[in-house]
Structure formats: structure tokens, C-alpha cells
Amino acid sequence: MKNFSVLFLMMLCMATVSLKAQAPVYFDPQALEASVGVNDSIVVLTVLRNASEAAVEFSFPGFSGREQGGPDNYGYSWIDSDEPNGPDWAWTDIAETGIPVEGLGDDMVAGPYEMDIDFPFYGENKHIFWINSNGSIGFNQQLLPFANGSIPTNSNYTDFIAWFWDDLTIDTAITRIYFKNLEEKTIVQFNKMVHYPGTESFITAQVVMMVNGTILIRYKQVTENFETNSATIGIQSYNPELGLQVSMNENYVHSEMALRFDLNRGFITFVTPSALTLQPGTQETIRIKYNSAGFEPGSYEQELKCVTSLPDYPELFVHNVMHVTSQVTAGFSGYVTDAATGYAINEAKVKVGEHQVFTNNNGYYELPLEPGSYNVTFSRNGYQTLTIEDTTAVEGFSTLDVALSGFYFIAGRVYAGENPIETGFAYGYKMLEGEVVDVFAGMVGELGWYEFSGLAAAQYITKAEPGPGSVYYGDYLPTYYGDVLHWEDAAVINLTGGTDDAHIHLVAVTNAPQGPGSISGTIVYGVKSEGIPVVLQAGGGIAMVTYTATGGTFSFPDLAYGTYQVYAELAGKSVFPHTVSLDEVNPVAAEVRMVVLANEIIFLGLADSEIFETEPVVFPNPVTDMANIRLSLKKPAVVAVSIVNPLGKVVATERVEVSGQKNMAMDVRTLPGGIYFIRCEAAGSVMMKKFVKE
Numbered sequence: 018m019k020n021f022s023v024l025f026l027m028m029l030c031m032a033t034v035s036l037k038a039q040a041p042v043y044f045d046p047q048a049l050e051a052s053v054g055v056n057d058s059i060v061v062l063t064v065l066r067n068a069s070e071a072a073v074e075f076s077f078p079g080f081s082g083r084e085q086g087g088p089d090n091y092g093y094s095w096i097d098s099d100e101p102n103g104p105d106w107a108w109t110d111i112a113e114t115g116i117p118v119e120g121l122g123d124d125m126v127a128g129p130y131e132m133d134i135d136f137p138f139y140g141e142n143k144h145i146f147w148i149n150s151n152g153s154i155g156f157n158q159q160l161l162p163f164a165n166g167s168i169p170t171n172s173n174y175t176d177f178i179a180w181f182w183d184d185l186t187i188d189t190a191i192t193r194i195y196f197k198n199l200e201e202k203t204i205v206q207f208n209k210m211v212h213y214p215g216t217e218s219f220i221t222a223q224v225v226m227m228v229n230g231t232i233l234i235r236y237k238q239v240t241e242n243f244e245t246n247s248a249t250i251g252i253q254s255y256n257p258e259l260g261l262q263v264s265m266n267e268n269y270v271h272s273e274m275a276l277r278f279d280l281n282r283g284f285i286t287f288v289t290p291s292a293l294t295l296q297p298g299t300q301e302t303i304r305i306k307y308n309s310a311g312f313e314p315g316s317y318e319q320e321l322k323c324v325t326s327l328p329d330y331p332e333l334f335v336h337n338v339m340h341v342t343s344q345v346t347a348g349f350s351g352y353v354t355d356a357a358t359g360y361a362i363n364e365a366k367v368k369v370g371e372h373q374v375f376t377n378n379n380g381y382y383e384l385p386l387e388p389g390s391y392n393v394t395f396s397r398n399g400y401q402t403l404t405i406e407d408t409t410a411v412e413g414f415s416t417l418d419v420a421l422s423g424f425y426f427i428a429g430r431v432y433a434g435e436n437p438i439e440t441g442f443a444y445g446y447k448m449l450e451g452e453v454v455d456v457f458a459g460m461v462g463e464l465g466w467y468e469f470s471g472l473a474a475a476q477y478i479t480k481a482e483p484g485p486g487s488v489y490y491g492d493y494l495p496t497y498y499g500d501v502l503h504w505e506d507a508a509v510i511n512l513t514g515g516t517d518d519a520h521i522h523l524v525a526v527t528n529a530p531q532g533p534g535s536i537s538g539t540i541v542y543g544v545k546s547e548g549i550p551v552v553l554q555a556g557g558g559i560a561m562v563t564y565t566a567t568g569g570t571f572s573f574p575d576l577a578y579g580t581y582q583v584y585a586e587l588a589g590k591s592v593f594p595h596t597v598s599l600d601e602v603n604p605v606a607a608e609v610r611m612v613v614l615a616n617e618i619i620f621l622g623l624a625d626s627e628i629f630e631t632e633p634v635v636f637p638n639p640v641t642d643m644a645n646i647r648l649s650l651k652k653p654a655v656v657a658v659s660i661v662n663p664l665g666k667v668v669a670t671e672r673v674e675v676s677g678q679k680n681m682a683m684d685v686r687t688l689p690g691g692i693y694f695i696r697c698e699a700a701g702s703v704m705m706k707k708f709v710k711e
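Just so we're aligned, residue 18 is where the sequence shown starts under our numbering, counting upward by one.
So, in C-alpha cells, the structure goes:
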């Protein structure tokens, strides 16, 4: 952030820290895309961050827990009613209105039965079906064996829906089977199917086949002693190698449960972690799996919703784009390693345009592309991004190995005396040639610990202060690493690796003796001057701090007579402390005025300074064309009059001889509208006056 805003820097120095116009919980990045081959999958990554001051719960509806799966290589996925967004198990009884299935016994098939709909199943429209006594509905006349198997079967047993494939049979006293054709679906109902050779326990279920291809299995009743850990549940296509298994030999089904199979619910098939809690200031990598099964070559979009426990931010979204690519004959492959250690870097992103892949646990990647010349970008959280430009991909994979340089961290504890503070704020400043070029902030956490991670090799200074909720608040001053109060005196950290011993010992407040004196004034900082720290120091170790109020005013009341130094403290702003003496003749210094410019804080002087009789007057204010300036001096002098913009840049300067009072004018017609300052300097004294250019 080379040119950080005035407002942003000021806000970092307030007790309430505002890092950026960002929600307190967010994804980084908020949009993902990846290229996937036909019938292939890939895992993409984003980071979920909690920048709030409270623990926040997150979950991904539709991706929580065991109760869903798929897709298979055609695109079917499943989800059950134990999942928050799963199907409703509500039973639609057809015993009174359906057609009874007659003549079905043990290890038998009944049918065929006609459907009034075109039921799409693995790319074929089904019009007839058979009912198998061993817990399935088939689209051919095959009898499934009583010994259940896995799905895909990889055998001659194909084209069926296994609602409970096991050694079931018919108890003629209680078992009844019905089917019914409705406008958009066909329902088959199994009342009280029992295990062979016949038991008092049973299972009652329905299979609903819908015109849109959705399959719904409802389990109304599974009695207590009915064994559920010896069955297979799933769907099998006409291709022996294609199917989707939900469970096999597991205690999976239970009463009042529903299971739904959908085709192409979306290409996102897995999210992990699917539910989590993040403490304040922490983050977690979220892994999202894209699966192209059932998708033709092309581009597809899907929003991934995340639900949070924050009332003001109940939902977050990640935008996902999957590009399904045809078979290609060229590309890049290679290894991504750590430049410092040589170790493999897993989950590094390798990206060319809209195409991207991630490295495996060995740091290896393959990125298929058409032959051509590309810019290849390598990135990973914790490492600096690297782009290899104009790299040629030829027939076959071109080898492209890279080593990424890591980011580093600064960490330490913040102490008040011998004790670590329990809460507070920490600030980091990246330095370049003695200037602040980037600013970041965070919380001081448990046992006084602060940490800034993801930093590039550079020079840094750090600062900390107790928060309003700390028992040390008001008793200790904002202090830089090196245990000093001014940023130019801070110890500079030359970061070439991680450091966890950047401890800060806060400087204790030492109040001045009380008396009848006072020092007050105003600080001008762009359009907003609230919350700027003002430091007061004196001999004997006296050190105090206050913060400017609305309008930039500050005050140190009830001071004993003596000599004090006062200055505003903003990292990156050079300042020369102003000396103020209080005595019986001058017990009050009420016009201490400063202005914050781009790289310095300037003392404007007092109204009774040696050279200026009064402060400059600008009229009219606001100014349209000409700024009229009235100068009043106690004695003759040459005054340098400058117009300064809020960033401290001098945009115009004139020199004028003044003896007593003099009016002058400066042309401002070419200046854009906004806030400016008139800076008047004479005999070493400086005064400034704000005006508005319309």
C-alpha cells in the first residue's frame, strides 16, 4: 500500500482499529476457477478469515457431514434427510389407491410394470420396470442375488435401484407391495418386507421415480430388531462400471428417513471443513472439490454458500467457475519447492489465464494446455507469487520446476511491567529508506501475544497499546518495539525469516505534578483529526498521552508550572517536539497548533509568537478564484506564503515583504476543488490556515 490514505493511517492510531472497508468475516479470494478434464476432478482452495472480535461459527449447507456423496462418473449425487438441506421424508401412502403387486415370492422378480412418464436414468428413458424381492427395482428382468454386492457391480448385474439390497422375502401375512403412476412420478411402496426366512421385524419403504430423473427413497419404518448392516443401497447403470453406492453393510437407514439421488446438482461435490468455529483473528483454509462428471466441455458457474453466526453477516458466498476441457496434447508439468529448504510445496496454485491446477503432496503438478506461449503464475499462501513469462508449451508436457520464496512473520509479547497484557492492539509498519510504505494491524491476544504473518523480507517496526478492555488501559502508553514512544527511535526489524521475540515493554504513564497550568491546542489532519495520539513529556520521566477529540482538539489540564515537550505521534510522520513553558505569567498555552502533512507534522506556532501579531486570515473562505490573505507581523520581515495540499505537497509559493499588516492575493483558479492550507513562514516561525477551494 505505497500511497496509503490519510484517513486510513489516522484510524490505525485510534483505540478502535479499522483495517479496511472489509466485512469482519470473508473469503480470500472470494472467486475461484479451475480447469478440469472430462470426467475428472480437482480441489481448489480459499481462506476463510475471522477479523471480528468474537468467535464465529461457519457451515456450508449441503456439505456438512457424512450424509451425502457423489457424484459418480455420470453426475449423480446423493443426499439424505439427516443433512440440514436434505429431502423431506414425508410419507405419501398409496396402499389405498395403488395397484397391488401379486405373485412375488422369495428370490423372485415381478413385472414388467408400465410407467406413464419418461423416467431418465443414466441417459436412457425408462418406461417399464421389474420389482425384485431382494430389495431393488430393475429396468431389466434380472434377479439380483440374495447376497448383496458393491456398486458399481462390475458384473452382469446392471440397471437397477437398490433401495435395500439384501436377502429379503415376502411374509404373506403382513407384506404388501403397491405401485402408482402419477402425473410426474411413479411410486413403488414396500410394506413390511422381512429378512429371509421370515422374522417379526420388518422394513417399510417407498421408491419414487420422477420425470426429471430424481430418485427419492423414503424409509417410513425400520423396526428395532431389523438388521440394517447387511444391505447395499445405491443406483447402478446399464454399464457395469458405472454406479453410485451410498452404503454397504452399514447401519445406515432408520425410520422416518429419506434419501435422494439427483443428476448434476452442481459441480461442487465436497467442502472441507464443512463446519468450523474461528476464534478472533484466525483463519482456515477451505478445500472445495470440483467434479466434471456429467458435464460436457464448457464453462459452468456455481455459488457456494456459507452460513455464519454473525447476525449482521448471516451468509457469505464464494463464486466458482469450472472449465471442462477436452483432451489436450501439451502443457506444463513439474515440481514446486520451497526456495529456502528445498522441500515440496503442496496445494500451490499453478495458473495460466482461466486454467489452474494445484500441486499434490509431492509438490508435483500437471497443467494441460494447447501448444503455445504462456505466462505461468505460481502462488501459495505464505509464499511470494512468481510469474514465468513467455514460456512455451510443446507437444507433451514441458517441464517447468520453480522454487517459491516464503513469507515470514513477526511475533512477540506485549508486557505491562512484568505482566503480559490480556487484550490490546498491535500495529506493524513496513519501512523503505526510513519511510513507512505499508501499515497493518491486529489484536493482542492471550498472554499478550501478537503476530503478523505473511510478510515479505523487508524492514519493519511494530507498536502496541492496551485496549479499552484491559486492566492496564490508561496506565501505559502506546509503545514501539525497542520500548520507545516515537517511531523514529523504534528498533528496526530486518526480517529475513520468522522472529518470535519482538517483545514490547510498554512505557508506563507518569503523570505530571498537578497545578494550575494547562496545555491545549488543535491538530489538523486532512478532513478528519479525531483520535490522533498527542504525547506530553517532561524531565523526571514524565510521560503522558491523550487523544484528539472531534475537531482535532486536545488538552492536558491541571499541570504544574514547568517546561514540557508536546508532539503528535503518527508513524511515518517526522516531528520535532514543541517546547512549552508554563509559569505564573503564562500559566496557559491554549493555542498549540499542528498540521499533519505527507511526511511530517508541523508546529504552526502560537498566536503570540515573536514575529506574527495574529494568525493569517484567508478570505473569502471558501475561495473560488483568488485567495486573499491578510498578514499581521510584530516587526518587518519577508514572509514565504505557500499553498499546501492535504498530502503536504506545495502547489504554489510567493514571497512578500510585510511591515505591520499587509493583504496579498494568490491565484487558485487552476487548483481542483478541495481542502488546502496557507503556510506562512517568517523568521523561523510557521503558521498555517485551512481554506476550501470550490
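We put the beta carbon where it would ideally sit given N, CA and C, even for glycine.
As the structure is a prediction and not an experimental result, all values here were calculated from the model.
Check                                                                                                               : Outcome
CB of TRP106 within 8 Å of CB of GLU273, strictly                                                                   : yes
Integer-rounded CB distance, given that LEU648 should sit under 8 Å from VAL667                                     : The Cβ separation is near 18 Å, so there is no contact.
Status (buried if at least 16 other CB within 10 Å, exposed otherwise) for GLY459                                   : buried
Nonlocal neighbours in the same chain, by C-beta distance under 8 Å from TYR693, ignoring five residues either side : ILE660, VAL661, ASN662, PRO663, VAL668, VAL685, LYS707, PHE708, VAL709, LYS710
Span of the beta strand (DSSP E), counted from its first residue to its last, around ARG397                         : First-last for ARG397: undefined, no H or E at that position.
Complete alpha helix (DSSP H) runs within the segment 448-494 (minimum length 4 residues, chain order)              : none
Beta-carbon proximity list for LYS590, same chain, < 7 Å, skipping 5 on both sides                                  : VAL613, ASN616, GLU617, ILE618
GLY652, buried or exposed, once every other Cβ within 10 Å from all chains shown has been counted against 16        : The amino acid occupying residue 652 in the given sequence is Lys; Gly does not appear at that position. Label assigned to LYS652: exposed.
Pairwise C-alpha distance: VAL609 and GLU586                                                                        : 15 Å
Stretch-stretch touch, CB-based, cutoff 8 Å, three pairs: the segment 101-116 with the segment 229-237              : yes
Local conformation of ASP506 per DSSP, three classes                                                                : helix
Residue from VAL239, PHE136, LEU523, PHE593 whose Cα sits closest to the Cα of GLY491                               : LEU523
Closest residue to TYR255 among TYR307, PRO137, PRO214, PRO290 (Cα-Cα distance)                                     : PRO137
Which of helix, strand or coil DSSP assigns to GLY514                                                               : coil
GLY120 - DSSP class collapsed to helix/strand/coil                                                                  : coil
Cβ separation of GLY251 and TYR91, assumed to be a contact under 8 Å, to the nearest whole Å                        : In fact, because the Cβ distance is near 13 Å, the residues do not count as touching under 8 Å.
According to DSSP, residues forming a beta bridge with GLN206                                                       : TYR195, GLN223
Residues near GLY691 by beta carbon distance below 8 Å, same chain, minus five either side                          : ASN662, PRO663, VAL709, LYS710
Cβ pair ALA347, GLU258 closer than 8 Å                                                                              : no
ASP45: first and last residue of the uninterrupted beta strand (DSSP E) it sits in                                  : 42-45
Cβ distance (whole Å) where ASP124 is taken to contact SER150 below 8 Å                                             : 6 Å
DSSP-derived helix/strand/coil call for GLY429                                                                      : strand
Helix, strand or coil at VAL709 according to DSSP, with G and I counted as helix                                    : strand
Boundaries (first-last residue) of the beta strand (DSSP E) holding ALA275                                          : 274-280
Between the CA atoms of MET265 and THR249 - distance to the nearest angstrom                                        : 4 Å
Cβ separation of VAL211 and THR186, assumed to be a contact under 8 Å, to the nearest whole Å                       : 6 Å
Residue nearest to GLU217 in terms of C-alpha spacing, selected from GLY122, LYS202, VAL239                         : VAL239
For GLY556, the three-state DSSP class (helix, strand or coil)                                                      : helix
Closest residue to ASP97 among PHE414, THR192, PRO78, VAL552 (Cα-Cα distance)                                       : PRO78
Buried or exposed (CB count within 10 angstroms, at least 16 for buried), ALA481                                    : buried
Reduced DSSP category for THR570 - H, G, I as helix; E, B as strand; rest coil                                      : strand
Distance between beta carbons of ASN67 and PRO297, contact taken as under 8 Å                                       : 6 Å
Strand pairing of ASP97, partner residues [DSSP]                                                                    : LEU276
Length of the line joining the Cα atoms of LEU576 and VAL605                                                        : 9 Å
Inter-residue spacing [alpha-carbon to alpha-carbon] between ASN645 and MET683                                      : 7 Å
Local Cβ density within 10 Å of GLU241, reported as buried at 16 or more and exposed below that                     : exposed
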